[in-house]
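A.B. asks: First the structure, which I've put down as structure tokens, then a few questions once you've had a look.
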Amino acid sequence: MKYLEINVRTAAIIHGFDGDNREIREPGQDDFTTKLVAIERIQSISEQYLLVTGSHGRVMYWEYEGGLAQLRDRLDAAGLMLP
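Quick note on our numbering: the sequence shown kicks off at 3 and runs consecutively.
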């Protein structure tokens with residue numbers, strides 16, 4: 003399994019959907035922390051957020067430091083980007 007070391011803070015945790023198909027959302031935290039994240043957990047990456055899977059069917063939006071270009075370069079250098 004491959005891991006990415008990255009500084010993140012939880013922006014939101016999505017626990018599922020209610021009866022009206024609205025997200026059941028829990029707010030995140032204030033402080034950044036360094037994590038080793040299994041690459042397989044990453045669902046998508048934007049300029050500001052990683053969307054990652056969690057336990058019990060949850061997904062989380064993590065705000066990360068460094069920006070999309072820097073993260074893309076790191077993934078490419080590790081051979082994790084398709085041409």
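Where a beta carbon is used, it is the ideal one built from N, C-alpha and C, also for glycine. Since this is a predicted model, take the numbers as computed values, not measurements.
Give the DSSP-derived three-state secondary structure of ARG24 in the structure shown.
C.D. replies: ARG24 falls in the coil class under three-state DSSP.
A.B. asks: Identify whether ARG74 lies in helix, strand or coil by the three-state DSSP scheme.
C.D. replies: helix
A.B. asks: Can you have a look at MET62 and say buried or exposed, based on whether 16 or more other CB atoms are within 10 angstroms of its CB?
C.D. replies: buried
A.B. asks: So is TYR66 buried or exposed if we call it buried at 16+ other beta carbons inside 10 Å?
C.D. replies: buried
A.B. asks: Taking THR35 and ARG43 to be in contact with their CB atoms under 8 Å, please state how far apart those CB atoms are, rounded to whole angstroms.
C.D. replies: Not confirmed; about 16 Å, so no contact.
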